[in-house]
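*Asks:* Under our numbering, the very last position in the sequence shown is 428; numbers go up by exactly one each time. Yeah, the Cβ is synthetic: ideal placement off N, Cα and C, and Gly gets one too. These numbers come from a predicted model, not from an experiment. Provided herewith is a single structure, encoded as structure tokens, for subsequent inquiry.
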Amino acid sequence: MIKRGVVGIALLTYLLAPGLAIAEDLADWVLPAVPVPKDNPQNDAKIALGHQLAFDVRLSKNNSMNCAGCHLPFAGGGGHTARAFGHGGELGRWTPSWVNSAYYTSQFWDGRAASLEEQTGALPGHMGPISAGGEMAGDVDAIVRKLAAIPAYQASFKAVFGEAVKRENIAKAIASFERTLVASEAPFQRYAKGDETAISAAAKRGFELFRGKALCVTCHTPPLLTDNAFHNIGVPQVGPLQEDLGRYEVTHNDADKRAFKTPSLYNSGSFKFFMHDGALATMADVIEHYNKGGNASDRHQDPLMRPLKMSAAEMVDLEAFMMTLTDERLNQIARPQLP
């Protein structure tokens, strides 16, 4: 009869043998359940209504634009031009991705909206894409009347909210749809849940760089890959604006000059442009920007920015990891049938 202690020693020896590794517990990197406000609970009918509204040009001036026209699924939910275009022509900022926006504690690059509902621009007192003159330029009261005159929309709003079309419920429906745009099936999420085959060896090396030498994790913290804070990382100012002061325009705090929200990195492998003003065109450009330490001559640049001294091979590995953050389902969201 073999004694229990001998078995324990043998098992430990086996686990520590060369070439064998104990899988790391990456539970802290798994995306959590999406926070949902008590006054806007999720349900399938509301999500479906929000999906329709997000793709409906009738929410804009002259029935010419919709939310999905700037938040393009194939482009990772972000813009396909360096800066967004609206009724005011070229705007000053790149359209951020709507992927994982449900986890943000504030919305827009400068954080001026507190919720996805506020961000829509449909709520009274809150300017956003639907109502902003330079963007979709919609008259929300006129939009309410327009939707109320469409029998199928009238029925949907009645079924979901128990009342006729209201601007508050337009905002709630769109926000409910946006809360489903979560990259829960990205390869890295499968890896974090224990599937060792979900990402390549190069991507695993890149993950080690992400949370080590490359310092990405300093701001792109797990599990959301954003600290929900604002940083000046020395991005060059390009586009129609002479200067964009970012978060400073909201707080009027000098420390916030040219600081912008830390975006979640999910589906960034599909982005066509990067940074708040679309100044960088490729993921490799982004990594090189960080590797050189941003812009040391910008006195407002975050002190966390410094040269990383990564080799060319390390930068390739880091990019391989970034590609594992893409949930392809979200790149294939289609326009639903509209009433």
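Between 270, 397, 241, 373, which lies nearest to residue 304 when the distance is taken from Cα to Cα?
*Replies:* Taking the sequence shown and counting its residues from 1, the one referred to as residue 304 is at position 215. Selected option, being the one with the closest Cα: 397.
*Asks:* Ends of the alpha helix (DSSP H) at residue 381?
*Replies:* Working through the sequence shown from its first residue, we reach residue 381 at position 292. Neither: residue 381 is in no alpha helix (DSSP H) and is coded neither H nor E.
*Asks:* Which same chain residues end up closer than 6 Å to residue 147 when comparing Cβ atoms and leaving out the 5 residues on each side of it in sequence?
*Replies:* Against the sequence shown, residue 147 aligns to sequence position 58. 235, listed in sequence order.
*Asks:* Helix, strand or coil for residue 369 per DSSP?
*Replies:* Against the sequence shown, residue 369 aligns to sequence position 280. Correct three-state label for residue 369: strand.
*Asks:* Going by alpha carbons, who is nearest to residue 357 out of 318, 208, 408?
*Replies:* Translated into positions along the sequence shown, residue 357 becomes position 268. Comparing Cα positions, the closest option is 408.
*Asks:* Measuring alpha carbon to alpha carbon, tell me which residue in 341, 198, 260 is nearest residue 315.
*Replies:* Start at 1 with the first residue of the sequence shown, and residue 315 comes out as number 226. Of the listed residues, the one whose Cα sits closest to residue 315 is 198.
*Asks:* For residue 296, which three-state DSSP category applies?
*Replies:* Stepping through the sequence shown from its first residue, residue 296 is reached at position 207. Note: residue 296 maps to helix in three-state DSSP.
*Asks:* My output table needs one value for residue 138: the three-state DSSP class, helix, strand or coil.
*Replies:* Taking the sequence shown and counting its residues from 1, the one referred to as residue 138 is at position 49. In the structure shown, residue 138 sits in a helix (DSSP, three-state: H, G or I).
*Asks:* Work out the CA separation of residue 241 and residue 173 for me, nearest whole Å.
*Replies:* Here residue 173 is taken as the residue at index 84 of the sequence shown, counted from 1. Here residue 241 is taken as the residue at index 152 of the sequence shown, counted from 1. Distance between the alpha carbons of residue 173 and residue 241 is about 31 Å.
*Asks:* Where does the unbroken alpha helix (DSSP H) through residue 205 begin, and where does it stop?
*Replies:* Within the sequence shown, numbered from 1, the residue matching residue 205 stands at position 116. 205 to 208 is the extent of the alpha helix (DSSP H) around residue 205.
*Asks:* Between 177, 412, 233, 268, which has its C-alpha nearest residue 376's C-alpha?
*Replies:* The residue you call residue 376 lines up with position 287 of the sequence shown. Comparing Cα-Cα distances from residue 376 to each of 177, 412, 233, 268, the minimum goes to 412.
*Asks:* Verify whether the separation of the beta carbon atoms of residue 479 and residue 141 is less than 8 Å.
*Replies:* An answer regarding residue 479 cannot be provided, because it is not within the stretch 90 to 428 covered by the chain.
*Asks:* Where do the ends of the alpha helix (DSSP H) carrying residue 236 lie?
*Replies:* Counting from one through the sequence shown, the residue named residue 236 turns up at place 147. 229 to 237 is the extent of the alpha helix (DSSP H) around residue 236.
*Asks:* Which residues bound the alpha helix (DSSP H) around residue 263?
*Replies:* Counting from 1 along the sequence shown, the entry for residue 263 is found at position 174. Counting along the chain, the alpha helix (DSSP H) containing residue 263 begins and ends at 256 to 267.
*Asks:* Is residue 77 helix, strand or coil when you go by DSSP?
*Replies:* Residue 77 lies beyond the range of the chain shown here (90 to 428); nothing can be said about it.
*Asks:* Per the contact definition of three or more C-beta pairs closer than 8 Å, is the stretch 150 to 166 in contact with the stretch 319 to 329?
*Replies:* Taking 8 Å as the limit for Cβ pairs, the verdict is that the stretch 150 to 166 does not touch the stretch 319 to 329.
*Asks:* Considering only the alpha carbon of each residue, which of 232, 351, 279 lies closest to residue 256?
*Replies:* Residue numbering aside, residue 256 sits at position 167 when the sequence shown is read from its first letter. Ranking the options by Cα distance to residue 256, first place goes to 232.
*Asks:* Between the stretch 309 to 325 and the stretch 380 to 393, are three or more C-beta pairs nearer than 8 Å?
*Replies:* Because the criterion of three Cβ pairs below 8 Å is met, the stretch 309 to 325 and the stretch 380 to 393 touch.
*Asks:* Going by the CB atoms, is the gap between residue 364 and residue 380 shorter than 8 Å?
*Replies:* What you label residue 380 is simply residue 291 of the sequence shown in a count that begins at 1. What you label residue 364 is simply residue 275 of the sequence shown in a count that begins at 1. Against a cut-off of 8 Å, the Cβ pair of residue 364 and residue 380 comes out as no contact.
*Asks:* Could you check what DSSP says for residue 402 in three-state terms: helix, strand or coil?
*Replies:* Start at 1 with the first residue of the sequence shown, and residue 402 comes out as number 313. Helix.
*Asks:* For residue 275 and residue 417, I'd like the C-alpha separation in whole angstroms.
*Replies:* Reading the sequence shown from its first residue, position 186 is the one you call residue 275. Reading the sequence shown from its first residue, position 328 is the one you call residue 417. For residue 275 and residue 417, the distance between alpha carbons rounds to 7 Å.
*Asks:* Could you work out which residue in 415, 317, 393 is closest to residue 203 when comparing CA atoms only?
*Replies:* Along the sequence shown, read from residue 1 onward, the residue named residue 203 stands at position 114. Of 415, 317, 393, the residue nearest in Cα terms is 317.
*Asks:* Is residue 91 helix, strand or coil by DSSP?
*Replies:* For the purposes of this step, residue 91 is taken as the residue at position 2 of the sequence shown. Caution is warranted here: a pLDDT of 42 is assigned to residue 91, below 50, making its placement in the model unreliable, and the coordinate value is therefore given only provisionally. Residue state, collapsed to three classes: coil.
*Asks:* Residue 145 and residue 427: beta carbons closer than 8 Å?
*Replies:* If you number the sequence shown from 1, residue 145 lands on position 56. If you number the sequence shown from 1, residue 427 lands on position 338. Yes.
*Asks:* In chain order, what residues of the same chain have a beta carbon less than 6 Å from the beta carbon of residue 361, not counting five sequence neighbours either side?
*Replies:* On the sequence shown, residue 361 is found 272 positions in, with the first residue counted as 1. The residues are 164, 169.
*Asks:* Could you tell me the alpha carbon to alpha carbon distance between residue 117 and residue 298, rounded to whole angstroms?
*Replies:* For the purposes of this step, residue 117 is taken as the residue at position 28 of the sequence shown. For the purposes of this step, residue 298 is taken as the residue at position 209 of the sequence shown. Each residue's alpha carbon lies about 17 Å from the other.
*Asks:* Look at the Cβ atom of residue 134, then the Cβ atom of residue 248, and state whether they are nearer than 8 Å.
*Replies:* Residue mapping note: residue 134 aligns to position 45 of the sequence shown, counting from 1. Residue mapping note: residue 248 aligns to position 159 of the sequence shown, counting from 1. In this structure, residue 248 lies closer than 8 Å to residue 134 by Cβ.
*Asks:* How many whole angstroms separate the CB atoms of residue 353 and residue 188, which I take to be in contact at a CB cut-off of 8 Å?
*Replies:* Here the question's residue 353 lines up with position 264 in the sequence shown. Here the question's residue 188 lines up with position 99 in the sequence shown. Contact flag correct, Cβ pair sits at about 7 Å.
*Asks:* Taking only the alpha-carbon atoms, compute the straight-line gap between residue 395 and residue 301 and give it to the nearest angstrom.
*Replies:* As a working note, residue 395 is residue 306 in the sequence shown. As a working note, residue 301 is residue 212 in the sequence shown. Their Cα atoms are separated by approximately 14 Å.
*Asks:* Looking at the unbroken alpha helix (DSSP H) that takes in residue 242, where does it start and where does it end?
*Replies:* As a first step, residue 242 is located in the sequence shown; it is residue number 153 there, counting from the start. Note, residue 242: alpha helix (DSSP H), 240 to 250.
*Asks:* What are the partner residues of residue 320, as DSSP defines its beta bridges?
*Replies:* The residue you call residue 320 lines up with position 231 of the sequence shown. According to DSSP, which records beta bridges pairwise, residue 320 is partnered with 349.
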